[in-house]
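Accompanying notes for the structure given below.
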Amino acid sequence: MFPVQYIEPVFRPPSEARSFILQVTNGCSWNQCTFCEMYTQPQKKFRARKDEDILKDIQRVQQVYPGIRRVFLADGDAMVLPVRRLKELLKLLREHFPALERVSSYCLPRNLKNKSVEDLQELRELGLDLLYVGVESGDDLVLDKVQKGESYASCREALQKIRQAGLRSSVMILNGLGGKVYSEQHAVNSARLMNETQPDFLSTLVVSFPVGMERIRSNYPEFELPEQTELFQEMRTFIQHLELERTVFRSDHASNYLVLKGELGRDKQAMLAQLDQAIHSPESVRLRPEWARGL
């Protein structure tokens, strides 16, 4: 049996598959986004876990896997914790895992509002390396419609702080979040935000609603999920407007119909060509079948 008993469900980025998932909070401190169903179960009510419980998890894992190299701080936004607690946690990890190379975490932009660049630099010196920021959209109207509680400005400020502190950022944009009505402005303004902040990693996944759209339509009644071709067209608009210097791009999540990978801007034209082919000749492109898609 694995030495840690999690409060399920637990989510992590695909790139953290080989990491020790350390649950330092349960759930999400915001948890009001109407497109998100990750932490809506009763057992996922937000709380920060006690220091002694976190230490026990670290000690148990150390006994079984002493060579841990990567740690991902779960759940939805461990960076909501005060700087003091984060520093103590990072010191504990370094003490128990001498081979540790990287610590990462999800991060809501609001988590960094009261954390200075100097605070983040101190955390970086203690081992924090990568923050996954769910921006979702760079369009203020769309962000308001889905009750994200963020804005273009708040996302920009957080991403710029991360960059100034020498940390790496991985940003996620939701393809389809603009629905059929706001698709173009969602794509254009999301690209504009990325151009201003130049994240190290950028990914997209397709917004989906496995339990229905009642929640998102509560504040966004005009929302309609775009058709496959419309999703491709939105992605084309997004990538067309990107002016990135050196960002690793991935659109290979299980929710995506079309897998896109590369570096932007080096591979921008190649990706646009793939999208044009998917839009105009979908039968000639290898697309993920509907039954294989998922969260």
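Numbering that gives the first Met the number 0 puts the first residue of the sequence shown at 0, with every later residue one more than the last.
Just so you know, even glycine gets a beta-carbon here, dropped at the ideal spot from N, CA and C.
Treat the numbers as computed from the prediction; the structure is a model and nothing was measured.
With distance defined between alpha-carbon atoms, name the residue in the options nearest to residue i.
i, options, result
"E121", "Y256, G165 and K267", "G165"
"M171", "S182, L130 and G261", "L130"
"S182", "E156, D143 and S136", "S136"
"L192", "G26, L88, F71 and R155", "R155"
"G26", "S283, T39 and V187", "T39"
"E195", "R216, Q227 and L158", "L158"
"V247", "M234, E282 and L263", "L263"
"P13", "G126, M234, E229 and Y105", "Y105"
"I278", "L230, K267 and P288", "L230"
What are the start and end residues of the alpha helix (DSSP H) that includes residue i?
i, result
"S189", "S182 to T196"
"C154", "Y151 to Q163"
"R11", "Run containing R11: none; DSSP gives neither H nor E here."
"E121", "V116 to E124"
"F96", "Premise fails: F96 is in no alpha helix (DSSP H) and is neither H nor E."
"K144", "D139 to K144"
"F237", "Q227 to H240"
"R216", "E213 to R216"
Run through the DSSP bridge pairs and tell me what residue i is partnered with.
i, result
"A291", "Beta-bridge pairing links A291 to no other residue."
"M171", "G133 and S202"
"T246", "L263"
"V70", "F19 and V102"
"N113", "N113 is not bridged to any residue."
"S46", "Per the sequence shown, the amino acid found at residue 46 is Arg instead of Ser. In the DSSP output, where bridge partners are listed per residue, R46 has N25."
"L127", "V102"
So, are the CB atoms of residue i and residue j less than 9 Å apart?
i, j, result
"E7", "Q42", "yes"
"A98", "R68", "yes"
"T236", "A272", "no"
"V134", "S189", "yes"
"F19", "V79", "no"
"Q227", "L274", "no"
"G175", "Y219", "no"
"L125", "L72", "no"
"D76", "S28", "yes"
First and last residue of the beta strand (DSSP E) that includes residue i?
i, result
"S103", "R101 to C106"
Given residue i, which residues of its chain have a CB within under 8 Å of its CB, disregarding the five upstream and five downstream residues?
i, result
"R167", "D128, L129, L130, I161, D199 and F200"
"S153", "P108, R109 and K112"
"M212", "F222 and L224"
"L140", "Y181 and Q184"
What residues in its chain sit with their C-beta under 7 Å from that of residue i, if we drop five residues either side in the sequence?
i, result
"L91", "L54 and I57"
"Y5", "Q22"
"Q31", "Q146 and G148"
"S217", "T33"
"Q239", "L271"
"K86", "E121, L122 and L125"
Leaving out five residues before and five after residue i in sequence, what residues of the same chain have Cβ atoms less than 6 Å from its Cβ?
i, result
"S202", "M171 and R249"
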